[in-house]
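Here the protein sequences come in this chain order: A and B. Going by our numbering, 471 is the number at position 471 of the first sequence; the sequence numbering is gapless. Going by our numbering, 203 is the number at position 203 of the second sequence; the sequence numbering is gapless.
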Amino acid sequence: MPKKFDYAPAPESRAIVDLQPSYGLFINGEFVDPVDGHAFKTVSPATEEVLAEVTEAGQEDVDRAVAAARRAYDKVWSKLPARERGKYLFRIARILQERARELAVLESLDNGKPIRESRDVDIPLVAAWFFHYAGWADKLDHAGYGSNPRPLGVAGQVIPWNFPLLMLAWKVAPALACGNTVVLKPAETTPLTALLFAEICQQADLPPGVVNIVTGAGDTGRALVEHADVDKVAFTGSTDVGKMIARSTAGTRKKVTLELGGKAANIVFDDAPVDQAVEGIVNGIFFNQGHVCCAGSRLLVQENAYDEVMTSLKRRLGTLRLGDPLDKNTDIGAINSSEQLARIRELSEVGESEGAARWSPPCELPDKGFWFPPTVFTGVSQAHRIAREEIFGPVLSVLTFRTPAEAVEKANNTPYGLSAGVWTDKGSRILWMAGQLRAGVVWANTFNRFDPSSPFGGYKESGYGREGGRHGLEAYLDVGVSR
Amino acid sequence: MTTTAPPPVEPASALSDTASITASDASLRRFLHGLPGVDQVGAEARAATLATRSIKTSAKAWAIELAITMIDLTTLEGQDTPGKVRALCAKALRPDPSDQTVPRVAAICVYPDMVPVAVDALGDSGVHVASVATAFPSGRASLAVKLSDTREAVAAGADEIDMVIDRGAFLSGRYQDVFDEIVAVREACGDAHLKVILETGELVTYDNVRRASWLAMLAGGDFIKTSTGKIAPAATLPVTLVMLEAVRDFRTATGRQVGVKPAGGIRTTKDAIKYLVLVNETAGDDWLDPDWFRLGASSLLNDLLMQRSKMATGRYSGPDYFTLD
């Protein structure tokens with residue numbers, strides 16, 4: 001039946017983005033051609049349209065970038081008074097705000113996420129992160145890491161494709177605030193906002209070599225992480241790659257932080273505010289197409305509230321709007337790549353063959369591009385692969401529990417431990433649950449809320465180290481006792 | 001430890017017999033306090049997200065047209081004159097004298113003493129005459145006065161009554177008193193439709209808004225309405241969201257559909273469209289109709305007319321081209 005109120009297309013204009021046909025590497029403050037790298041294409045996942053050619057950096061390119069970062073660290077950045085570092089970061093933060101629309105459109109183009117999210121969540125948080133760490137730059141003495149804590153040197157940073165510019169901010173802002181220089185490798189499918197960020201560094205007159213950006217895929221990342229002159233490795237991505245990095249950095253002097261996968265439990269008690277809990281479930285798993293490491297991919301519902309919650313949830317999913325990421329009314333955008341789409345499809349088929357019931361709201365998928373409908377599996381047990389493995393897509397597995405203890409047991413019964421959510425009107429239960437859940441972040445009556453002042457990171461195979469807030473400074477400071 | 005979930009079932013009309021709920025103060029209290037809570041942060045975040053919907057071109061034109069037909073064109077001032085009410089009625093019948101394609105508004109909303117003037121001016125045009133009653137806006141009068149206020153308005157020809165609840169009784173937990181009063185006014189209305197004003201600005205919490213909504217619906221209200229317009233804050237998006245959830249859930253539980261009317265502070269086309277988006281994505285298609293959703297407003301109409309002519313002609317005309325009520 002056609003809807004009465006049919007929202008007309010409301011596309012955000014692409015005109016604000018000035019895409020170049022090809023991009024080099026950003027090394028020592030300028031865009032340069034590769035020495036031993038070659039070009040590859042980055043596409044819009046919503047249409048498969050080629051957006052630009054970018055460079056896959058080779059070993060020698062990474063060498064050059066690390067050397068530039070080392071030079072900038074030795075000669076400029078480590079010698080600069082802390083308040084001067086802060087000034088650069090404040091300047092970058094302001095430019096990020098001024099160019100927010102441009103960054104949001106480019107992020108949605110390259111990543112496939114809805115413009116509503118890149119405009120209202122990603123880019124505002126990016127600026128907030130830079131503002132937050134700009135403020136820390138000259139206050140490190142008071143951060144609880146001793147008087148005059150020192151930077152580490154050159155940071156090699158590898159980030160994922162799900163929040164391209166936000167993950168850059170999480171990595172670059174604290175590193176620079178603490179006095180390190182960086183070489184950053186964005187994900188191969190989403191390099192464009194990092195390259196625009198390089199332009200912003202130029203615009204802010206950041207000294208050459210303080211920020212270097214080398215685009216590429218796994219080999220480029222490996223060359224960076226394994227580079228002998230890198231003092232610090234920061235990685236956000238899959239647990240498999242995180243383990244490889246842990247192995248390759250073992251026994252080196254490198255300080256490592258890893259932020260890896262998750263299979264978070266979103267736990268709804270029978271006294272939860274149901275309408276808001278349903279919003280939290282939707283935001284937990286369908287925000288950013290479920291491409292969120294801390295996504296609430298396992299819904300644990302108290303059995304006596306199951307019918308009510310599921311009825312409300314299914315009704316709500318019927319109102320989700322899937323389509324053009326640049327349309328301002330789109331709720332669900334495109335899957336980032338055909339590889340990721342294949343993985344989501346595979347695990348969803350496994351879910352069905354293992355006996356779980358699959359449900360999606362009526363939903364028309366565009367012909368071109370990579371798309372997957374919002375999907376809910378009910379009748380899932382802890383033994384099913386869809387309850388154990390990270391799908392990293394818009395797929396929710398629903399389980400039930402009877403007692404708070406059972407909820408905790410199920411929530412913790414996973415190799416991951418990045419986040420969890422608790423929905424209840426009882427404050428005491430929230431506090432008790434938060435103490436029991438083995439997860440780095442526990443959200444109470446909300447989900448997927450981020451703030452630069454709050455630390456973020458995992459338990460168990462979700463990684464180690466914390467990003468954000470005062471805690472996030474530790475990853476970029478020499479806090480050892482041997483000073 | 002493992003529990004297997006039953007397959008999801010369509011909710012039955014669990015509340016087909018509401019008499020047991022409304023039998024006593026204690027049972028009413030048990031029921032109202034057993035409703036799911038409303039998380040303030042979450043409700044406000046949801047309303048704010050829906051307010052970012054971008055309604056353009058054909059959708060905007062459709063929404064403006066619908067919003068005009070949903071207006072309860074209101075004047076509730078001590079200084080109201082028969083002349084002003086007649087002018088308002090003329091505007092209700094033909095909102096834009098220069099454009100006959102503009103639809104009529106839903107109703108005129110006036111004080112009881114102005115009802116005869118409005119009835120006379122509107123005739124059998126189909127535009128409803130709504131009258132506030134029950135010692136509007138404070139509700140501070142005896143039940144007898146409130147009922148006679150209501151009866152007089154109905155006798156004078158009002159076919160919709162906008163009553164106020166006794167907020168003092170509600171806030172002090174005397175739910176039965178509030179319930180009984182609504183039932184009595186409902187009876188006094190006869191065939192007239194009853195809108196129950198919750199005055200959400202005095203109820204303050206969303207939990208209270210939800211409970212008052214259910215109380216009014218259980219007592220037989222045809223509409224639940226946010227505000228008198230005399231108290232700030234009047235209608236807000238989150239309050240209307242909570243009320244839309246209430247009418248949606250009430251219909252699921254009882255099978256009876258109840259309308260919603262935000263009133264007060266809705267002045268621009270943008271505001272009105274935000275409310276329609278809220279209706280669309282909360283209660284759904286069935287409420288996108290003047291029989292089930294109203295906007296209590298006065299200056300809103302001119303802004304809708306201005307936006308409507310802008311969409312038709314491509315240029316804005318000045319406020320001088322639209323009649324002041």
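All C-beta atoms, glycine included, are put in the ideal place defined by N, C-alpha and C.
{"Check": "D285/B - DSSP class collapsed to helix/strand/coil", "Outcome": "helix"}
{"Check": "Buried or exposed by the 16-neighbour rule on C-beta atoms within 10 Å, applied to P149/A", "Outcome": "buried"}
{"Check": "Outcome for Q340/A when other beta-carbon atoms lying within 10 angstroms are tallied against a minimum of 16", "Outcome": "buried"}
{"Check": "Chain-order list of residues whose beta-carbon lies under 7 Å from that of P160/A (same chain, five-residue window excluded)", "Outcome": "M167, A187, T236, G237"}
{"Check": "Continuous beta strand (DSSP E) stretch holding T42/A: start and end", "Outcome": "38-43"}
{"Check": "I16/A classed as buried or exposed, judged by whether at least 16 other C-beta atoms fall within 10 angstroms", "Outcome": "exposed"}
{"Check": "Nearest-angstrom Cα separation, counted from D36/A out to Y23/A", "Outcome": "15 Å"}
{"Check": "Short-range partners of chain B found in the stretch 103-132 of chain A, where Cβ spacing is below 8 Å", "Outcome": "R116, D120"}
{"Check": "Endpoints, beta strand (DSSP E) assigned at G156/A", "Outcome": "154-158"}
{"Check": "Identity of the residues DSSP links to K426/A by a beta bridge", "Outcome": "According to DSSP, K426/A bridges with nothing at all."}
{"Check": "Short CB-CB distance (under 8 Å) between N280/B and chain A", "Outcome": "yes"}
{"Check": "Own chain, CB closer than 7 Å to T134/B, minus 5 neighbours either side, in chain order", "Outcome": "K146, D149, T150, M163, V164, V185"}
{"Check": "CB contact below 8 Å: V274/A versus chain B", "Outcome": "yes"}
{"Check": "Span separating the alpha-carbon of P112/B from that of D39/B", "Outcome": "38 Å"}
{"Check": "At least three beta-carbon pairs within less than 8 Å, the stretch 271-280 of chain A to the stretch 307-318 of chain A", "Outcome": "yes"}
{"Check": "Spatially closest choice to D320/B from I224/B, D303/B, T313/B, by CA coordinates", "Outcome": "D303/B"}
{"Check": "Opening and closing residue of the alpha helix (DSSP H) in which G242/A lies", "Outcome": "239-249"}
{"Check": "Whole-number beta carbon distance between F26/A and L299/A, since they are thought to touch under 8 Å", "Outcome": "With a Cβ gap of about 42 Å, L299/A and F26/A do not count as contacting."}
{"Check": "M70/B - DSSP class collapsed to helix/strand/coil", "Outcome": "coil"}
{"Check": "Amino acids of chain B, ordered along the chain, whose beta-carbon sits closer than 8 Å to that of G296/A", "Outcome": "Here the premise fails: no neighbours, minimum Cβ distance about 14 Å."}
{"Check": "Nonlocal neighbours in the same chain, by C-beta distance under 8 Å from P404/A, ignoring five residues either side", "Outcome": "F269, R429, W432, M433"}
{"Check": "Of the listed residues R385/A, L165/A, P207/A, nearest to P191/A (C-alpha basis)", "Outcome": "L165/A"}
{"Check": "Three or more C-beta pairs below 8 Å linking the stretch 49-59 of chain A and the stretch 131-147 of chain A", "Outcome": "no"}
{"Check": "Close Cβ partners of P7/B (< 7 Å) along its chain, the five nearest in sequence each way excluded", "Outcome": "Reliability fails at P7/B, whose pLDDT of 42 lies under 50, so the model's placement of it is uncertain and the value that follows must be treated cautiously. Cβ within range, chain order: n/a, list empty."}
{"Check": "Contacting positions in the stretch 191-214 of chain B - beta carbon closer than 7 Å to chain A", "Outcome": "none"}
{"Check": "Where N111/A falls: helix, strand or coil (DSSP)", "Outcome": "helix"}
{"Check": "Under the three-state DSSP convention, the category E60/A falls into", "Outcome": "helix"}
{"Check": "Three-state secondary structure assigned by DSSP to R222/A", "Outcome": "helix"}
{"Check": "Distance CB(G296/B)-CB(A263/B) smaller than 8 Å", "Outcome": "yes"}
{"Check": "Any chain A beta carbon closer than 8 Å to L288/B", "Outcome": "yes"}
{"Check": "Straight-line gap, T313/B to L241/B (C-alpha atoms, nearest Å)", "Outcome": "34 Å"}
{"Check": "I16/A, DSSP secondary structure in three states", "Outcome": "coil"}
{"Check": "Distance CB(R94/B)-CB(V127/B) smaller than 8 Å", "Outcome": "no"}
{"Check": "DSSP three-state assignment for Y464/A, whether helix, strand or coil", "Outcome": "strand"}
{"Check": "Contact under 8 Å by Cβ, D229/A with V154/A", "Outcome": "yes"}
{"Check": "Min CB distance E354/A to chain B below 8 Å", "Outcome": "no"}
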